[in-house]
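*Asks:*
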Amino acid sequence: RPFLSRLRTRILGSKPVKERIILCIYRLKVLKGKLELLILRIRKRDRELLNRCIDAQRSGDQSRAKIYAEASHEIRTIFKIVFHCKLALEQVILRLETVEMFTDLTSSIVIPVSLVNEVRGKLAGILPSVSRQLGEVASELENLIKAAGRVEYTPESAPNLTEEAKIILEEAKVLVEVKAKEVFRSIEQPTDLEVELA
């Protein structure tokens, strides 16, 4: 393990549980903010691609229109992944804020570490730096769970999500589909281009 990583673990491990939880919440909120900025950039890029596709169709250049349409499809796929991850992080943050409020119940409140690892995996090919930082947060959460004496701890290498994490992901998936339709419908309507994300 790299020296800085060992040093960070030693420092964090010496902090009170509540302080460590607050630090995890802060780091997750920073990462969520980065996803929100990326979402805005994706929407802007999709609007540009859509306009170019429309211009190509109007000029009768169907081949070029097809290229822009395919590019738009690809970036909308990325949008769904990133927005899905943003919602998942919000769920984790809310759970940790509950744990922060009731530190004495840390051993009985489920902390969805597997969900953090799932998000990390989804973002690995899109935002490597965010993915790496999520791995660090997941490692710290695992240490917190061990310190609290939870037997439900699932190692990072485990291939399957916990049932609760699966439920959260399914709920997020439904919300993503609904929000994606709203956002991209607004992009396709020039009179209402600035619909805000929830």
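Going by the working numbering, the sequence shown opens with residue 6, and the numbers climb by one from there. Glycine included, each C-beta is placed from N, C-alpha and C at the ideal position.
#1: Between the Cα of L33 and the Cα atoms of K151, G140 and L149, which residue gives the shortest distance?
#2: Please list, in chain order, all residues of the same chain as S136 whose beta carbon is under 7 Å from its beta carbon, the five residues on each side excluded.
#3: Could you check the C-alpha separation between K49 and V104 for me, to the nearest Å?
#4: Am I right that V87 and L43 are in contact with their C-beta atoms under 8 Å? What's the rounded C-beta distance?
#5: Could you give the residue range of the alpha helix (DSSP H) that holds D51?
#6: Where does I131 fall in DSSP's three states?
#7: State the DSSP-derived secondary structure class of A203, mapped to helix, strand or coil.
#8: Can you list, in chain order, the residues of its chain with a C-beta nearer than 6 Å to that of A70? Leave out the 5 residues immediately preceding and following it.
#9: Candidates A74, K85, L99 and G65: which alpha carbon is nearest N56's?
#10: Which residues mark the beginning and the end of the alpha helix (DSSP H) in which I86 is found?
#11: Leaving out five residues on either side along the sequence, give the residues of the same chain with a beta carbon under 6 Å from the beta carbon of T82.
#12: Go ahead and pull the three-state DSSP assignment for I150.
#13: Do I26 and L149 have their CB atoms nearer than 8 Å?
#14: Check this for me: beta carbons of V118 and A93, under 8 Å apart or not?
#15: Taking only beta-carbon atoms, is Y73 less than 8 Å away from chain D?
#16: From P133 to I80, what distance separates their C-alpha atoms?
#17: Decide if Q96 is buried, meaning its Cβ has at least 16 other Cβ atoms within 10 Å, or exposed.
*Replies:* Working from what's here:
#1: Mapped onto the sequence shown, residue 33 falls at position 28. Measuring from the Cα of L33, the nearest candidate turns out to be G140.
#2: The residue given as residue 136 occupies position 131 in the sequence shown. Here the set comprises R125, L128 and A129.
#3: In the sequence shown, counting from the first residue as 1, residue 49 sits at position 44. In the sequence shown, counting from the first residue as 1, residue 104 sits at position 99. K49 and V104: Cα-Cα distance of roughly 37 Å.
#4: If you number the sequence shown from 1, residue 87 lands on position 82. If you number the sequence shown from 1, residue 43 lands on position 38. In this structure V87 touches L43 by the C-beta definition: roughly 6 Å separates them, less than 8 Å.
#5: Position 46 of the sequence shown, counted from the first residue, corresponds to residue 51. That run of the alpha helix (DSSP H) goes V22 to R63.
#6: Translated into the one-based positions of the sequence shown, residue 131 becomes position 126. It is coil, neither helix nor strand.
#7: Taking the sequence shown and counting its residues from 1, one reaches residue 203 at position 198. Because the pLDDT of A203 is 36, which lies under 50, any placement of that residue in the model is unreliable, and the number read from its coordinates should be weighed accordingly. The answer is coil: DSSP assigns A203 none of H, G, I, E or B.
#8: On the sequence shown, residue 70 is found 65 positions in, with the first residue counted as 1. So the qualifying residues of the chain are C58, A61 and Q62.
#9: Counting from 1 along the sequence shown, the entry for residue 56 is found at position 51. For the residues A74, K85, L99 and G65, the minimum Cα distance to N56 belongs to A74.
#10: Stepping through the sequence shown from its first residue, residue 86 is reached at position 81. Counting along the chain, the unbroken alpha helix (DSSP H) around I86 starts and ends at Q67 to M106.
#11: Indexing the sequence shown from 1 puts residue 82 at position 77. Cβ within range, chain order: n/a, list empty.
#12: The sequence position of residue 150 within the sequence shown is 145, counting from 1. In this structure, I150 counts as helix in the three-state DSSP scheme.
#13: Within the sequence shown, the letter at position 21 stands for residue 26. Within the sequence shown, the letter at position 144 stands for residue 149. For I26 and L149, yes; Cβs fall inside 8 Å.
#14: The residue you call residue 118 lines up with position 113 of the sequence shown. The residue you call residue 93 lines up with position 88 of the sequence shown. No, these two residues do not count as a Cβ contact at 8 Å.
#15: In the displayed structure, chain D is absent; only one protein chain is listed.
#16: Position 128 of the sequence shown, counting from 1, holds the residue named residue 133. Position 75 of the sequence shown, counting from 1, holds the residue named residue 80. Computed Cα separation, rounded: 17 Å.
#17: Walking along the sequence shown from the start, residue 96 turns up at place 91. When all chains shown are included, Q96 counts as buried.
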